[in-house]
Amino acid sequence: HFLDYETAQALDRETTELIEQLDVEHLSNERACGRSPLRGLLLSLRNRGRTIRCIDLRNSGDTAGAKREVVGYGSYVVC
Numbered sequence: 006h007f008l009d010y011e012t013a014q015a016l017d018r019e020t021t022e023l024i025e026q027l028d029v030e031h032l033s034n035e036r037a038c039g040r041s042p043l044r045g046l047l048l049s050l051r052n053r054g055r056t057i058r059c060i061d062l063r064n065s066g067d068t069a070g071a072k073r074e075v076v077g078y079g080s081y082v083v084c
């Protein structure tokens, strides 16, 4: 939370790659708030042979305007 806009965008893209790869081993608390429930979801998807894809990735700098300290948000679909 509260990284500058460009740093947050890069970190969020990397985190999205981990999520889409169902890579729970490299998903840290610094990358995702709520890592534990997210990890559970990804493990469940992996065990069931399902996938997850990002459909939108933004941060508060895209919506609220201030880009000095932002919080990222992602929307995903389970396939």
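The numbering used here numbers the first residue of the sequence shown as 6 and each following residue consecutively. Cβ atoms here follow ideal geometry from the backbone N, Cα and C, with glycine treated the same way. Quick caveat, the model's predicted, so the values are computed rather than measured.
In its own chain, which residues sit with a C-beta less than 6 Å from the C-beta of residue i, not counting the 5 before and 5 after it?
{"i": "residue 23", "result": "31 and 32"}
{"i": "residue 80", "result": "60 and 61"}
With DSSP collapsed to three states, give me the class of residue i.
{"i": "residue 36", "result": "coil"}
{"i": "residue 82", "result": "strand"}
{"i": "residue 62", "result": "strand"}
{"i": "residue 29", "result": "helix"}
{"i": "residue 70", "result": "coil"}
Of all the options the options, which has the alpha carbon lying nearest to the alpha carbon of residue i?
{"i": "residue 2", "options": "83, 77 and 81", "result": "It is not possible to answer for residue 2, since the shown part of the chain is limited to 6 through 84."}
{"i": "residue 57", "options": "41, 75 and 47", "result": "47"}
{"i": "residue 6", "options": "45, 75, 53 and 52", "result": "75"}
If we ignore side chains and look at the alpha-carbon of each, how far apart do residue i and residue j end up?
{"i": "residue 66", "j": "residue 16", "result": "14 Å"}
{"i": "residue 8", "j": "residue 73", "result": "7 Å"}
{"i": "residue 36", "j": "residue 61", "result": "17 Å"}
{"i": "residue 14", "j": "residue 20", "result": "10 Å"}
{"i": "residue 71", "j": "residue 18", "result": "20 Å"}
{"i": "residue 38", "j": "residue 25", "result": "16 Å"}
{"i": "residue 45", "j": "residue 82", "result": "16 Å"}
Enumerate in chain order the residues of its own chain whose CB-to-CB distance from residue i is below 8 Å, with the five nearest sequence positions on each side excluded.
{"i": "residue 84", "result": "55, 56, 57 and 58"}
Just to confirm, are residue i and residue j a CB contact at a threshold of 8 Å?
{"i": "residue 27", "j": "residue 50", "result": "yes"}
{"i": "residue 10", "j": "residue 52", "result": "no"}
Between which residues of its own chain and residue i is the CB-CB distance below 7 Å, once the five residues before and five after are set aside?
{"i": "residue 34", "result": "40"}
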